[in-house]
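Peer 1:
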Amino acid sequence: MICGVRFCGGCNPRYDRGKALEKIKEQNKDVDFRIAEEGETYDHLLVIGGCTNCCASHCQFSTREGLTKMWDEKHINEVLKKIDEIKSKEKAKQNIK
Amino acid sequence: MLMTGDQYIESLRKLGTRVYMFGEKIDNWIDHPMIRPSINCVKMTYDLAHDPQYVDLMTAKSNLTGETVNRFGHLHQSTDDLRKKVKMQRLCGQKTASCFQRCVGMDAFNAVFSTTFEIDKKCGTKYHENFVEYLKYVQNNDLIVDGAMTDPKGDRGLAPHAQKDPDLFLHIKEKREDGIVVRGAKCHQTGSINSHEHLIMPTQAMGEDDKAYAVAFACPSDVEGLYMVYGRQSCDTRKMEPNADVDLGNKNFGGQEALVVFDDVFIPNDRIFLCEEHEFAGMLVERFAGYHRQSYGGCKVGVGDVIIGAAALAADYNGANKASHIKDKLIEMTHLNETLYCCGIACSAEGYPTEAGNYQIDLLLANVCKQNVTRFPYEIVRLAEDIAGGLMVTMPSSIDFNSDLEVGRNGETLAEVCNKFYAASDTCTTIERMRILRFLENICLGSSAVGYRTESMHGAGSPQAQRIMIARQGNINAKKELAKEIAGIK
Numbered sequence: 001m002i003c004g005v006r007f008c009g010g011c012n013p014r015y016d017r018g019k020a021l022e023k024i025k026e027q028n029k030d031v032d033f034r035i036a037e038e039g040e041t042y043d044h045l046l047v048i049g050g051c052t053n054c055c056a057s058h059c060q061f062s063t064r065e066g067l068t069k070m071w072d073e074k075h076i077n078e079v080l081k082k083i084d085e086i087k088s089k090e091k092a093k094q095n096i097k
Numbered sequence: 001m002l003m004t005g006d007q008y009i010e011s012l013r014k015l016g017t018r019v020y021m022f023g024e025k026i027d028n029w030i031d032h033p034m035i036r037p038s039i040n041c042v043k044m045t046y047d048l049a050h051d052p053q054y055v056d057l058m059t060a061k062s063n064l065t066g067e068t069v070n071r072f073g074h075l076h077q078s079t080d081d082l083r084k085k086v087k088m089q090r091l092c093g094q095k096t097a098s099c100f101q102r103c104v105g106m107d108a109f110n111a112v113f114s115t116t117f118e119i120d121k122k123c124g125t126k127y128h129e130n131f132v133e134y135l136k137y138v139q140n141n142d143l144i145v146d147g148a149m150t151d152p153k154g155d156r157g158l159a160p161h162a163q164k165d166p167d168l169f170l171h172i173k174e175k176r177e178d179g180i181v182v183r184g185a186k187c188h189q190t191g192s193i194n195s196h197e198h199l200i201m202p203t204q205a206m207g208e209d210d211k212a213y214a215v216a217f218a219c220p221s222d223v224e225g226l227y228m229v230y231g232r233q234s235c236d237t238r239k240m241e242p243n244a245d246v247d248l249g250n251k252n253f254g255g256q257e258a259l260v261v262f263d264d265v266f267i268p269n270d271r272i273f274l275c276e277e278h279e280f281a282g283m284l285v286e287r288f289a290g291y292h293r294q295s296y297g298g299c300k301v302g303v304g305d306v307i308i309g310a311a312a313l314a315a316d317y318n319g320a321n322k323a324s325h326i327k328d329k330l331i332e333m334t335h336l337n338e339t340l341y342c343c344g345i346a347c348s349a350e351g352y353p354t355e356a357g358n359y360q361i362d363l364l365l366a367n368v369c370k371q372n373v374t375r376f377p378y379e380i381v382r383l384a385e386d387i388a389g390g391l392m393v394t395m396p397s398s399i400d401f402n403s404d405l406e407v408g409r410n411g412e413t414l415a416e417v418c419n420k421f422y423a424a425s426d427t428c429t430t431i432e433r434m435r436i437l438r439f440l441e442n443i444c445l446g447s448s449a450v451g452y453r454t455e456s457m458h459g460a461g462s463p464q465a466q467r468i469m470i471a472r473q474g475n476i477n478a479k480k481e482l483a484k485e486i487a488g489i490k
């Protein structure tokens, strides 16, 4: 699974966005997290905002399984759950094949 | 092409910019200890544009080329772009605690772009086409451009044409078939030495008699006939002291202003954006000033964030952090700082498209923003000084804190004496305490006070300039009607 990552610009983040990504990566060593680039298609996009505004632009990126936004450290568990769901879905698809 | 910070520094080495300071020509100004901190600030605007955690603010898609460009070279295409500009400036202020100098160019691009469109529409000139080609060149090469507006102005009671010395306002000295020759100067030019190019605008609205002064153009910083005289700052020669570190407060970053002299500089036709159409000088000034007054709602807020953090650390280190009045002062500093940010965001959110298509801020709110900036930073540093205590201006030098000189009855060194008497809370070393206090000294009344205090007062126009704009935009008659309606007056 390839997960694109887009950070907001970080003008006044309420938590360490970089560390949050590291925590998510630690729990998902089988997922390829890449800084999102235009022209690429990702299985999923993770948008990491620093505050409730979560103003990071993301419409320019394409994904197969949509995106998840987080703007608080407390959202890490939700992100992990979402990634697990996608991974399970992928596994199920592979089993059918 | 987005340059890296290191590429930017190397690009400056290729310029032949003429710089004078302390009565001498400075050949290697790039590595000069008094100038380099200001170059490091500009370098930060390049480095952040390559960091995934900041890219969303630091870059944008150019409407001219379709390429990704540094946002400092971007024409705002929406209110979202205007808001992101303010956020980017807050970020850069946080990372440097200084004026990072690049916003004057960005504000000039946006003002000249929309104004030239309207000049061409009325006068049939080709200034907009000239400017678009110029901006593509700037974007493609990721250049720093000094947006220069302020003339020396001589006797403030006299119009440009009435001055004893005509050079006190920059003017067209000669018109040729292939271009113009200009003479005069621009004062207080932030980051001029660190810029690849200069984009010149008139300093005020002009009448028919002043049409020779209604001129806008661009030129390289090392064009023949152009030179700069470095503006000194409070405590600036501390940067020249050997092993200066703690005493500098902010050893890596700083601001820069210079006098830029145009000693008969030739400007080719394709770099001219206004030439005697005096009726548009006021429009250009008003638009540039509007954008620049918005800018202060971002950059000074970022520096304010660092000051608030430093004041909080000083309280921790002094052991005073639990005192209720200290907590309240930190709340007040935050309230003042975020109020400035509110203004920057508000004038952006209320922006609107110009005839040329780029977005302009709400002028009333931008002027309110800057008017607050002429006041609140002064209160923020007053509170920071209050929290820090007098030690921030009375402590010995860092040399004393490291000296082996034996001075005590029992052979104690100067370093031991200083460290003994300036120790405070266990949460820090004496040197850490000195570092944060020196930072506050530097920003409150040292070389960085130029950027945080006086620039907040006079940059983008002095307080009275904003009050004139607030009076014009204040919609008083509509407010009278509201009052009449409520009070039952017909």
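Here the protein sequences line up with chains A and B, keeping their order. First residue of the first sequence? That's 1 in my numbering, and the numbers climb one at a time after it. First residue of the second sequence? That's 1 in my numbering, and the numbers climb one at a time after it. We put the CB at the ideal spot given by N, CA and C, even for glycine.
1) Contact defined as beta carbons within less than 8 Å: I believe Y296 of chain B pairs with C369 of chain B. What is the distance between those atoms, to the nearest angstrom?
2) Check whether the Cβ of D47 of chain B lies closer than 9 Å to any Cβ atom in chain A.
3) Mind checking if R90 of chain B is an interface residue toward chain A, Cβ cutoff 9 Å exclusive?
4) So the beta strand (DSSP E) G505 of chain B belongs to, where does it begin and stop?
5) Can you list the beta strand (DSSP E) stretches of 3 or more residues lying completely in the segment 118-172 of chain B, in chain order?
6) Inspect the beta-carbon positions of R293 of chain B and A148 of chain B and report whether they are closer than 9 Å.
7) How would you list, in chain order, the residues of chain B whose beta-carbon sits under 8 Å from the beta-carbon of A156 of chain A?
8) Please state the DSSP three-state secondary structure of G357 of chain B.
9) Report the residues of the segment 2-13 of chain A with a CB closer than 8 Å to any CB of chain B, ordered along the chain.
10) Measure from the alpha carbon of E224 of chain B to the alpha carbon of each residue in B:R232, B:F262, B:N28 and B:T237, then state which is nearest.
11) How would you label H171 of chain B, buried or exposed, when you count the other beta carbons within 10 angstroms and need 16 or more for buried?
12) Considering only their Cβ atoms, is the gap separating G451 of chain B from C235 of chain B smaller than 9 Å?
13) Quick one: residues in its chain with C-beta nearer than 6 Å to the C-beta of D151 of chain B, no 5 flanking neighbours on either side, listed in chain order?
14) Taking I35 of chain A as the query, report the chain B residues whose CB atoms sit under 7 Å from its CB, ordered along the chain.
15) Locate the alpha helix (DSSP H) running through K93 of chain A, then write down its first and last residues.
16) Please work out which residues of its chain come closer than 8 Å, Cβ to Cβ, to A316 of chain B, disregarding the five sequence neighbours upstream and downstream, and give them in chain order.
17) Which bits of chain A does D87 of chain B rub up against, with CB to CB less than 7 Å?
18) Let me check understanding here. Comparing Cα to Cα, which of B:M3, B:Y341, B:A97 and B:V86 lies closest to V303 of chain B?
19) Can you tell me whether R18 of chain B is helix, strand or coil according to DSSP?
20) Taking only three categories from DSSP, how would you classify F72 of chain B?
21) In whole angstroms, give me the CA-to-CA distance for N269 of chain B and H196 of chain B.
22) Would you identify the three-state DSSP class for S62 of chain A, choosing helix, strand or coil?
23) For H352 of chain B, count the other beta carbons within 10 Å of its own beta carbon; 16 or more makes it buried, fewer makes it exposed. Which is it?
24) Does the segment 17-28 of chain B come close enough to the segment 46-63 of chain B that 3 or more CB-CB pairs lie under 8 Å?
25) Keeping to the same chain, check which residues put their C-beta closer than 8 Å to that of G282 of chain B; ignore five residues upstream and five downstream.
26) Could you give the DSSP three-state label for H335 of chain B: helix, strand or coil?
27) Note the first and the last residue of the continuous alpha helix (DSSP H) segment covering C219 of chain B.
28) Which residues in chain B have a C-beta closer than 7 Å to the C-beta of G18 of chain A? List them in chain order.
29) What span of residues does the alpha helix (DSSP H) with R17 of chain A cover, start to end?
30) Would you list, in sequence order, the uninterrupted alpha helix (DSSP H) runs of no fewer than 4 residues that lie entirely inside the segment 387-448 of chain B?
31) Have a look at B:Y422, B:A258, B:D107 and B:G124 and flag the residue whose alpha-carbon is nearest the alpha-carbon of M34 of chain B.
32) Determine the direct distance from the alpha carbon of E208 of chain B to that of D56 of chain B, and round the result to whole angstroms.
33) Once you ignore the five residues that flank K43 of chain B on each side, which residues in its own chain have a CB closer than 7 Å to its CB?
34) Compare the beta carbon distance of E432 of chain B and V393 of chain B with 9 Å and say whether it is the shorter of the two.
35) Since I believe Y42 of chain A is in contact with C3 of chain A (beta carbons under 8 Å), could you give me their beta-carbon distance rounded to a whole number of angstroms?
36) Determine the extent of the beta strand (DSSP E) in which E485 of chain B is found, giving its start and end residues.
Peer 2: So, from the data block:
1) Walking along the second sequence from the start, residue 296 of chain B turns up at place 296. Walking along the second sequence from the start, residue 369 of chain B turns up at place 369. 7 Å between Cβ atoms; contact.
2) One-based indexing of the second sequence puts residue 47 of chain B at position 47. Chain A contact via Cβ: absent.
3) Taking the first residue of the second sequence as 1, we reach residue 90 of chain B at position 90. Closer than 9 Å: yes.
4) Residue 505 of chain B is absent from the model: chain B starts at 1 and stops at 490.
5) 145-148
6) Here residue 293 of chain B refers to the residue found at position 293 of the second sequence. Here residue 148 of chain B refers to the residue found at position 148 of the second sequence. No, they are not a contact pair.
7) One cannot answer for residue 156 of chain A here, as it falls past the ends of chain A, which runs 1 to 97.
8) Indexing the second sequence from 1 puts residue 357 of chain B at position 357. G357 of chain B falls in the coil class under three-state DSSP.
9) V5, R6, F7, C8, G9, G10, C11 and N12
10) Within the second sequence, numbered from 1, the residue matching residue 224 of chain B stands at position 224. Comparing Cα-Cα distances from E224 of chain B to each of B:R232, B:F262, B:N28 and B:T237, the minimum goes to B:F262.
11) Taking the second sequence and counting its residues from 1, the one referred to as residue 171 of chain B is at position 171. Label assigned to H171 of chain B: buried.
12) As a first step, residue 235 of chain B is located in the second sequence; it is residue number 235 there, counting from the start. As a first step, residue 451 of chain B is located in the second sequence; it is residue number 451 there, counting from the start. No; because the gap between Cβ atoms is not below 9 Å, this pair is not in contact.
13) Position 151 of the second sequence holds residue 151 of chain B. Correct list, in chain order: F169, L170 and T203.
14) As a first step, residue 35 of chain A is located in the first sequence; it is residue number 35 there, counting from the start. Simply P52.
15) If you number the first sequence from 1, residue 93 of chain A lands on position 93. Run containing K93 of chain A: I76 to I96, per the alpha helix (DSSP H) assignment.
16) The residue labelled residue 316 of chain B in the question sits at position 316 within the second sequence. Strictly speaking, residue 316 of chain B in this sequence is Asp, with Ala absent from that position. Once the five neighbours on either side are set aside, the close Cβ partners of D316 of chain B are S425, T427 and C428.
17) Indexing the second sequence from 1 puts residue 87 of chain B at position 87. The identity of residue 87 of chain B in the sequence shown is Lys, whereas the question assumes Asp. Correct list: G9 and C11.
18) Locating residue 303 of chain B in the second sequence gives position 303, counting from the first residue. Of the candidates B:M3, B:Y341, B:A97 and B:V86, the one whose C-alpha sits nearest the C-alpha of V303 of chain B is B:A97.
19) Counting from one through the second sequence, the residue named residue 18 of chain B turns up at place 18. Three-state DSSP puts R18 of chain B in coil, outside helix and strand.
20) Translated into positions along the second sequence, residue 72 of chain B becomes position 72. In the structure shown, F72 of chain B sits in a helix (DSSP, three-state: H, G or I).
21) What you label residue 269 of chain B is simply residue 269 of the second sequence in a count that begins at 1. What you label residue 196 of chain B is simply residue 196 of the second sequence in a count that begins at 1. Straight-line Cα distance between these residues: approximately 19 Å.
22) As a first step, residue 62 of chain A must be located in the first sequence, where it is residue number 62. Of the three classes helix, strand and coil, the one that applies to S62 of chain A here is strand, per DSSP.
23) By 1-based counting over the second sequence, the position of residue 352 of chain B is 352. It should be noted that the sequence gives Tyr, not His, for residue 352 of chain B. So Y352 of chain B ends up on the exposed side.
24) no
25) For the purposes of this step, residue 282 of chain B is taken as the residue at position 282 of the second sequence. These residues qualify, in order along the chain: Q204, A205 and M206.
26) Residue mapping note: residue 335 of chain B aligns to position 335 of the second sequence, counting from 1. In the structure shown, H335 of chain B sits in a helix (DSSP, three-state: H, G or I).
27) Reading the second sequence from its first residue, position 219 is the one you call residue 219 of chain B. From DSSP, C219 of chain B is part of no alpha helix (DSSP H) but of the beta strand (DSSP E) over V215 to P220.
28) As a working mapping, residue 18 of chain A is identified with position 18 in the first sequence. Residues of chain B passing the Cβ test: Q53.
29) Looking up residue 17 of chain A in the first sequence gives position 17. Looking at the DSSP string, the run of the alpha helix (DSSP H) that includes R17 of chain A is R17 to E26.
30) 391-394, 398-401, 414-421 and 430-445
31) Counting from 1 along the second sequence, the entry for residue 34 of chain B is found at position 34. Per the Cα distances, B:A258.
32) For the purposes of this step, residue 56 of chain B is taken as residue 56 along the second sequence, with counting starting at 1. For the purposes of this step, residue 208 of chain B is taken as residue 208 along the second sequence, with counting starting at 1. So the two alpha carbons sit approximately 45 Å from each other.
33) Residue mapping note: residue 43 of chain B aligns to position 43 of the second sequence, counting from 1. Counting only Cβ-Cβ distances below 7 Å, and skipping sequence neighbours, we find G5, Y8 and I9.
34) As a position in the second sequence, residue 432 of chain B is number 432, starting the count at 1. As a position in the second sequence, residue 393 of chain B is number 393, starting the count at 1. Cβ distance not < 9 Å, so E432 of chain B and V393 of chain B don't count as in contact.
35) On the first sequence, position 3 is the one that residue 3 of chain A refers to. On the first sequence, position 42 is the one that residue 42 of chain A refers to. Contact flag correct, Cβ pair sits at about 6 Å.
36) Indexing the second sequence from 1 puts residue 485 of chain B at position 485. E485 of chain B -> not in any beta strand (DSSP E); alpha helix (DSSP H) instead, spanning I476 to A487.
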